[in-house]
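To keep things clear, I will list the structure first and then write my remarks on it.
In my numbering, the protein residues as written are 6 to 264.
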């Protein structure tokens, strides 16, 4: 019996900001075959080529597929060279913003696998307030449902082997079970060391390391994956934010099974 050919399909890790995508990025980046570097954020800027700028750019005479191929060669080439330089065979991109543009992302990379990280929106609001300030938390009660609905709608248009939802709560409460399922979806062998991503070298901003150390100290743990931030909304959402969550996020919370 022949072994299946290892996949080289790109991986896109998306989700509303403060949903645990950075943790998942480091887990992926710890796998021997996968490289997941810093956020790119600029891919969706190129959507204008086949979107609002297309009427003008079409006058060059090149079909859209040609433009899309050139975008894929440019963007994918950066990731490929970065991955190859680190001895990895496959690349992943963690940019939460791409949750809002998955139809374009999958048009550029038709074989891409999408991993959508979902976290309780109430905890996401709390995390926005702590990280970005109160006004960001206020806006998050609308942003979080929009990200969820947009990414899930795109996911419904993809085959089951190309779209995977991962709950933050499962990832921190049952990390091995959850990550095994993730790597099975990706078609990659299980490597227990991915759970100890703190022992590996990653290209992350210094401020992330400082913030991560601070959070672990507050949780009184040195484990890279821990669940103490699950349910923080119960004690950290003030009355105004609770009201706004009730008005703008309640239906999405129910849809996802958060009670």
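Glycine included, every Cβ here is placed at the ideal spot set by N, Cα and C.
Straight-line gap, residue i to residue j (C-alpha atoms, nearest Å)
i           : j           : result
residue 105 : residue 152 : 6 Å
residue 64  : residue 58  : 11 Å
residue 7   : residue 194 : At residue 7, the pLDDT of 49 sits below 50, so the modelled position is not reliable and the matter cannot be decided from this model.
residue 199 : residue 262 : 28 Å
residue 55  : residue 81  : 18 Å
residue 155 : residue 44  : 20 Å
residue 205 : residue 24  : 22 Å
residue 244 : residue 238 : 11 Å
residue 220 : residue 135 : 11 Å
residue 190 : residue 167 : 8 Å
residue 88  : residue 208 : 12 Å
residue 252 : residue 142 : 14 Å
residue 217 : residue 60  : 46 Å
residue 171 : residue 187 : 8 Å
residue 178 : residue 233 : 9 Å
DSSP bridge partner residues for residue i (one or two, in chain order)
i           : result
residue 168 : 119
residue 99  : 18
residue 76  : For residue 76, which the question treats as bridged, DSSP gives no partner whatsoever.
residue 39  : 95
Short Cβ contact (8 Å threshold) for residue i with residue j
i           : j           : result
residue 197 : residue 98  : no
residue 236 : residue 86  : no
residue 75  : residue 12  : no
residue 126 : residue 250 : yes
residue 40  : residue 93  : yes
residue 229 : residue 201 : yes
residue 131 : residue 242 : yes
residue 38  : residue 100 : no
residue 31  : residue 176 : no
residue 165 : residue 114 : no
residue 33  : residue 103 : no
residue 173 : residue 27  : no
- Query: Do three or more CB pairs link the segment 66-79 to the segment 220-229 at distances below 8 Å?
  - Reply: The segment 66-79, when compared against the segment 220-229, does not touch it at the 8 Å Cβ threshold.
- Query: What alpha helix (DSSP H) runs, 4 residues minimum, are completely inside the segment 220-246?
  - Reply: 238-241
- Message: For the structure I just gave you, are there three or more beta carbon pairs, one from the segment 107-119 and one from the segment 17-32, closer than 8 Å?
- Response: yes
- Query: Per the contact definition of three or more C-beta pairs closer than 8 Å, is the segment 160-167 in contact with the segment 113-121?
  - Reply: yes
- Would you call the segment 41-55 and the segment 142-149 in contact, with 3 or more CB pairs under 8 Å? no
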